[in-house]
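J.: For reference, the structure I am asking about is given below.
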Amino acid sequence: ACNNFAALCDRSYSNITQLGAHNSPFLRDGANGLVQSGNHYYNSTVQLDAGVRLLTAQVHRQNTTLQLCHSSCALLDAGPLTTWLTSIVTWLTSNPNEVVTLILVNADSASASDIATSYATADAVSLSYAPPSTSSPPNPWPSLRDLIANQTRLITFVSSIDPSPSAPYLLDEFTYLFETPFRSTSPADLLRCGVDRPTSFGGNTATALQNRLLPLVNHFLYDNGTSVFGSSVNQPDEARVNVTNAPGGPGEGNLGVKSDRCAAEYGRAPWGVLVDFFNVGPAVQTVDRLNGVSVPVGR
Numbered sequence: 081a082c083n084n085f086a087a088l089c090d091r092s093y094s095n096i097t098q099l100g101a102h103n104s105p106f107l108r109d110g111a112n113g114l115v116q117s118g119n120h121y122y123n124s125t126v127q128l129d130a131g132v133r134l135l136t137a138q139v140h141r142q143n144t145t146l147q148l149c150h151s152s153c154a155l156l157d158a159g160p161l162t163t164w165l166t167s168i169v170t171w172l173t174s175n176p177n178e179v180v181t182l183i184l185v186n187a188d189s190a191s192a193s194d195i196a197t198s199y200a201t202a203d204a205v206s207l208s209y210a211p212p213s214t215s216s217p218p219n220p221w222p223s224l225r226d227l228i229a230n231q232t233r234l235i236t237f238v239s240s241i242d243p244s245p246s247a248p249y250l251l252d253e254f255t256y257l258f259e260t261p262f263r264s265t266s267p268a269d270l271l272r273c274g275v276d277r278p279t280s281f282g283g284n285t286a287t288a289l290q291n292r293l294l295p296l297v298n299h300f301l302y303d304n305g306t307s308v309f310g311s312s313v314n315q316p317d318e319a320r321v322n323v324t325n326a327p328g329g330p331g332e333g334n335l336g337v338k339s340d341r342c343a344a345e346y347g348r349a350p351w352g353v354l355v356d357f358f359n360v361g362p363a364v365q366t367v368d369r370l371n372g373v374s375v376p377v378g379r
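Here my numbering is used: the first residue of the sequence shown is 81, the next is one more, and so on.
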């Protein structure tokens, strides 16, 4: 099996829907006092064990170290990027038929060289996929089977980065992906499927798809009006997550309805679906349906 299902092995990487954990390392658990800015109850490797295959994180510079921080390191600091990467490499080593994707939000515009240093320290470079071109998406993308056979099972997209020949595995996110609007504060907001970023497409989703960008659907609610240290902070709306992540039903803005709406608009299933509190719903049920699979192996 590949990514828990034999049926996915020969599909192109671009033709699979991945469940994504938005702000994956930022936890709402006993270790940090159930901080309200946390996006998940369980850590990144537990997420991977449960079928999540796309992890996002915010990278900030703190002195000379790249840290995983939620908006601000004073608000929620999840530790060094290197430590997190090491945990993912360890997981990949223990799960040799799995392909994992990372999206790093490069909040302080760290250079490719700086991020590459963290990858080298974590022994993540040899596992990382480097496409034929850094200026356009592969056509076609390799299959999961090919990525596994070549031992290039870690794909990394980085926002706000200048590609570097010395780190060809650090991919400029918006050369390869487009995202739907990420700030939703009402269930109606969640129903938006159009391209929001990159802004170069002017909101024209059809053009983004024609340019072979992979559609990444943001599907999480923020609780409006949270202020920390005098600044507005995007705090996950935990109270509504049972409906937000539901695979269907009457609740407005649920994941099942949103995914079907976006698939109809795109003429294809979304490539990725990002959620908070990944285990609620359960969100993976919608992703399995989009992939046309059932009875997972090793989950």
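Heads up, the beta-carbon is just placed ideally off N, CA and C, and yes, glycines get one too.
Looking only at its own chain, which residues have a Cβ that is under 8 Å from the Cβ of H102, when we skip the five neighbours before and after it?
T.: N119, T136, N298, F300, L354, V355, D356.
J.: By alpha-carbon positions, which one of S280, C273, S213 ends up nearest to P245?
T.: Taking only the C-alpha atoms, the option nearest P245 is S213.
J.: What residues in its chain sit with their C-beta under 8 Å from that of L207, if we drop five residues either side in the sequence?
T.: V169, L172, Q231, T232, R233, L234.
J.: With distances taken from CA atoms, which of G336, A86, Y93, A363 is nearest Y209?
T.: Taking only the C-alpha atoms, the option nearest Y209 is Y93.
J.: To the nearest angstrom, report how far apart S264 and A363 are at their CA atoms.
T.: Whole-angstrom Cα-Cα distance: 18 Å.
J.: For F262, I'd like the list of residues in its chain whose CB is within less than 6 Å of its CB, leaving aside the five on either flank, ordered along the chain.
T.: Cβ within range, chain order: N298.
J.: Cα separation between R272 and T97?
T.: Approximately 18 Å between the Cα atoms of the pair.
J.: Sort out for me which residues DSSP pairs F237 with in a bridge.
T.: Beta-bridge pairing links F237 to I183, L251.
J.: Counting along the chain, where does the alpha helix (DSSP H) carrying D340 start and finish?
T.: Per DSSP, D340 belongs to the alpha helix (DSSP H) from 335-346.
J.: Taking the alpha carbon of D194 as the point to measure from, which residue in Q147, T166, V180, N322 has its own alpha carbon closest?
T.: Measuring from the Cα of D194, the nearest candidate turns out to be Q147.
J.: Which first and last residues belong to the beta strand (DSSP E) in which D157 is found?
T.: Per DSSP, D157 belongs to the beta strand (DSSP E) from 157-160.
J.: How many whole angstroms separate the CB atoms of S124 and S104, which I take to be in contact at a CB cut-off of 8 Å?
T.: The pair is a contact, with the Cβ atoms about 5 Å apart (cut-off 8 Å).
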